[in-house]
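First up is the structure itself, then whatever we jot down about it.
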Amino acid sequence: MSDTRRTPNVAEVPPAGPLCLTGRIKVEVGGEIVADTDDVALCRCGHSSNKPYCDGSHRKVGFDDPGVIQGGRLVPVRDADGDEAADKPVTIVCATDGPLLVRGPLKVVASDGGTSEGVKGALCRCGVSSTKPFCDGSHRETGFVARAIVIIAAGVAASCATPATPPPEEVLTYRVNPEPASYQIADTMVLDINSPLGAFEILAGATVTMGLTFAEDPGGVRVTGTVERFAGSVTNPMGPTETAGLDDVSGTLDILADRYGIVEVASFPEVSGPLAPMSSFPTLPYLLFPRLEEGATDPGSTWTDSVTTSTEGEVDLTSTTVTSYTLMGDTVVEDRTLVRIDVEANIALELEADQQGTMIGQALEGSANGFVLWDPERRLVVYGQFARDLEGDMTMAGIPPIPVGISGPTVLVLH
């Protein structure tokens, strides 16, 4: 008697593209279901800034893969433990810094028509497996990293199917919100230093809860932000780990915005102590309230903004950022339609700080790329993710310039 079972869940493998799943699909990261959908595109190239989801990076990095089954397979039902698998959802478990683990019925369909059908397996997402689309363990050799912080982007999924619907006219404008807003911000910064005595890393991280209130102003919307929670640390191999708390933060966020973005930043919070040179508070207003564009309603619309920020005090900082925005279209998160805007920024900064009696200068240039999700109802950014990558020199009296680099993500979520 022939086997008439059919699995409704399909993973298509297009050449040089993402893993395109349709059916009853669940995506699990860090023990949490972050997507429950019928259509999702998961990164295969290993370069997405929105892992496990595809963000189009395969096109930028020149990901080269024919989309055929080069080795490996899924474990069929008869070889696997468990009940009858047909007509059940499949869960794609994102292993920490590892492959996409298949747990449930799935049919992999390659670009040449080849297939593999089963209920267990491991699919490559580092981009270098020799048995793509299946994992061969290469992620361990290459040091593949998929930061768990992407679980905050619950349900954000690029689609392999129809293009996004243009957002309604004039939804990309700021206005007075009757209800306060609360943002959770996570910022991680890795400072790579190539000193004459050897290379080492300084790791700084901070989590912030900031409450915002909104009021009418003759110039538009007056936004006041108060830091409600703050926890930060700096780990330096040359000394003990140093920490900072809410008592080390002073001041409030005070900005004026018109319909399309910031007009004035009157003040922002400041951090004292070891985290001061690495604080993201000076640039945070422009992440929370990115520049919008009048009349931008169609996917593919682009616009630019240039901002220079300067601070004086415990840290003297001058930063110039030229940002390009691209309206990508709609995405659905937990039954709410949001607008995705991609962000590409070029940054040049100069910094001078007194570190335990030694004046240290830094001059760096680089990029900070990512995206925001805009809520047309609240007229606010509900999620933002950015990854910085800067290089330059550190200067101190009496020694030659030291090559340095700064990298790390910033993630913000509206609660």
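If you're matching positions, the sequence shown starts at 923 in the working numbering and goes up one per residue.
In this text, a Cβ means the ideal position worked out from N, Cα and C, and glycines have one as well.
Cα-Cα separation between residue i and residue j, rounded to whole angstroms
i     : j     : result
S1081 : E1274 : Residue confidence is low: S1081 scores 45 on pLDDT, short of 50, so the model does not pin down where it sits. No coordinate-derived value is stated.
A1188 : A1103 : 19 Å
A1044 : C1057 : 6 Å
I1269 : K982  : 20 Å
D1276 : H1337 : 36 Å
A1319 : M1200 : 21 Å
E1299 : Y1096 : 11 Å
F1203 : T1253 : 29 Å
A1068 : P1021 : 10 Å
S1038 : V997  : 9 Å
V935  : D961  : 14 Å
K1010 : R946  : 7 Å
G939  : W1296 : 26 Å
L1210 : F1190 : 12 Å
T1231 : E1186 : 11 Å
I1324 : V1143 : 44 Å
A1002 : R1301 : Note that A1002 scores a pLDDT of 45, beneath 50, so its modelled location is shaky and nothing firm can be said.
P1085 : T959  : Residue placement at P1085 cannot be trusted, given a pLDDT of 41 that sits under 50; the coordinates are not used to answer.
Q992  : R966  : 14 Å
F985  : V1050 : 10 Å
S1194 : V1171 : 7 Å
T944  : P1027 : 12 Å
N931  : V1031 : 11 Å
S1052 : T1064 : 13 Å
E954  : P1331 : 21 Å
T1131 : T1205 : 16 Å
K917  : M1250 : One cannot answer for residue 917 here, as it falls past the ends of the chain, which runs 923 to 1337.
V1156 : T1317 : 20 Å
T1165 : N1158 : 11 Å
Start-to-end residues for the alpha helix (DSSP H) that takes in residue i
i     : result
Y1208 : L1206 to L1210
V983  : S979 to V983
T1064 : S1060 to T1064
8 Å contact criterion, which residue i and residue j should meet: CB distance rounded
i     : j     : result
P937  : G994  : P937 to G994, Cβ: 18 Å. No contact.
T1245 : T1226 : 7 Å
T1013 : E950  : 6 Å
G1147 : L1134 : 5 Å
D1315 : V1326 : 7 Å
V999  : G1040 : 7 Å
A1128 : L1197 : 7 Å
E1192 : G1173 : 5 Å
Y1182 : E1216 : 6 Å
Candidates the options: closest to residue i by CA position
i     : options                       : result
K973  : G952, D960 and D987           : G952
A1285 : G1251, T1240, I1321 and G1279 : T1240
N1099 : P1322, A1137 and L941         : A1137
L1334 : V1237, T1219 and Y1208        : Y1208
R1025 : V1261, K1042 and N1291        : K1042
A957  : D1257, G1147, F1190 and A1290 : D1257
G1141 : L1119, I1177, G1173 and L1134 : I1177
A1126 : V1143, G1154, D1114 and T1148 : G1154
L1139 : D1180, T1163 and P1221        : Sequence check: residue 1139 is Asp here, not Leu. Closest by alpha carbon: D1180.
L1023 : A1032, S1033, R1047 and V1237 : R1047
T1110 : R1262, G1040, E1101 and I1124 : I1124
I1282 : I1115, G1183 and Q1307        : I1115
A1267 : F1308, G978 and S979          : F1308
S970  : K948, L941, T959 and Q992     : L941
V1294 : G1288, S1329 and V1255        : V1255
F1122 : P1196, L1197 and M1160        : M1160
F1152 : Q1106, P1212, G1065 and V1229 : Q1106
C1016 : F1066, S979, D987 and K1029   : F1066
R1062 : G968, S1228, T1248 and L1094  : G968
T1259 : V1130, Y1305 and A1290        : Y1305
G1279 : E1236, R1262, V1265 and A1290 : E1236
C976  : E1216, D1264 and T1224        : D1264
L1094 : S1289, I1328, P1322 and R1262 : R1262
N1291 : S1329, T1219 and E1164        : S1329
T1219 : S1228, T1248 and D1238        : T1248
Span of the beta strand (DSSP E) around residue i
i     : result
R1151 : G1142 to T1157
P1117 : According to the sequence provided, residue 1117 is Ser. The question's Pro does not apply to it. First-last of the beta strand (DSSP E) with S1117: A1103 to S1117.
S1232 : T1224 to T1233
S1289 : T1280 to D1297
L1013 : Looking at the sequence provided, one finds Thr at residue 1013 rather than Leu. Element bounds for T1013: V1012 to C1016.
E1256 : Counting along the chain, E1256 falls outside any beta strand (DSSP E), and DSSP gives it neither H nor E.
I881  : Residue 881 lies beyond the residue range present for the chain, which begins at 923 and ends at 1337; the question has no answer from this structure.
V1050 : No beta strand (DSSP E) contains V1050, which DSSP labels as neither H nor E.
Y1305 : L1302 to T1317
S1329 : I1324 to L1336
A1027 : The residue you asked about is not Ala; residue 1027 is Pro in the sequence shown. First-last of the beta strand (DSSP E) with P1027: L1022 to A1032.
L1045 : T1037 to L1045
T1165 : E1164 to G1167
Contact test: residue i Cβ vs the ligand ZN heavy atom, cutoff 8 Å
i    : result
A963 : This structure lacks the ligand ZN, and indeed carries no ligand of any kind.
Minimum length 4: unbroken alpha helix (DSSP H) runs contained in the segment 948 to 1000:
979 to 983
Beta strand (DSSP E) runs contained entirely in the segment 1174 to 1202, provided each spans 3 or more residues
1175 to 1180 and 1183 to 1189
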